[in-house]
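S.K.: Dropping the structure in here first, questions after.
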């Protein structure tokens, strides 16, 4: 009878597919100022991240994530309106978000 030999799996190099997205991601976003507040809305891998800060400070007053650019801008405007005038403010967040001059950056 012949002695049993152990089988060794062959090592085969694994070639990964080229994925340019995995290499880098270009930042895309929008910035705006309104009264004493600074807004930023930035696209990450899956959603839009919004931040509201005071113009004279770096502290983030409000941040959130939304599924679309319009929803993120509206959420930033809604926070700003509530902070400035409370519930009785006379314009809608959608209207304010549309009137604010958003500057795109890459």
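In our numbering, the protein residues as written are 298 to 403.
The beta carbon of each residue, even a glycine, is placed where N, CA and C say it ideally should be.
Under 8 Å by Cβ, that's how I've got residue 324 and residue 339 pegged, so tell me the actual separation to the nearest angstrom.
M.R.: Residue 324 to residue 339, Cβ: 6 Å. Contact.
S.K.: Counting C-beta neighbours from all protein chains within 10 Å, is the total for residue 326 16 or more, i.e. buried, or is it exposed?
M.R.: Per the 10 Å Cβ criterion, buried.
S.K.: Using only CA atoms, which one of 354, 333 and 329 lies nearest to residue 347?
M.R.: Ranking 354, 333 and 329 by Cα distance to residue 347 puts 329 first.
S.K.: Under DSSP, the beta strand (DSSP E) around residue 326 begins and ends at which residues?
M.R.: Counting along the chain, the beta strand (DSSP E) containing residue 326 begins and ends at 325-331.
S.K.: Going by C-alpha distance, which of 344, 367 and 380 is nearest residue 391?
M.R.: Here the closest residue by C-alpha is 367.
S.K.: Would you grab the beta carbon distance between residue 345 and residue 377 for me? Rounded to a whole angstrom, and I think it's under 8 Å.
M.R.: At roughly 16 Å, the Cβ-Cβ gap does not stay under 8 Å, so residue 345 and residue 377 are not in contact.
S.K.: Please report how far the alpha carbon of residue 389 lies from the alpha carbon of residue 372, in whole angstroms.
M.R.: If I take the Cα positions, the gap works out to 11 Å.
S.K.: Assuming residue 381 is part of the beta strand (DSSP E), what are its boundary residues?
M.R.: Element bounds for residue 381: not the beta strand (DSSP E) but the alpha helix (DSSP H), 366-382.
S.K.: With 16 other CB atoms within 10 Å as the buried threshold, where does residue 379 fall?
M.R.: With fewer than 16 other Cβ atoms within 10 Å, it is exposed.
S.K.: What number of angstroms, rounded off, separates the C-alpha of residue 341 from the C-alpha of residue 349?
M.R.: If you take the alpha carbons of residue 341 and residue 349, they lie about 17 Å apart.
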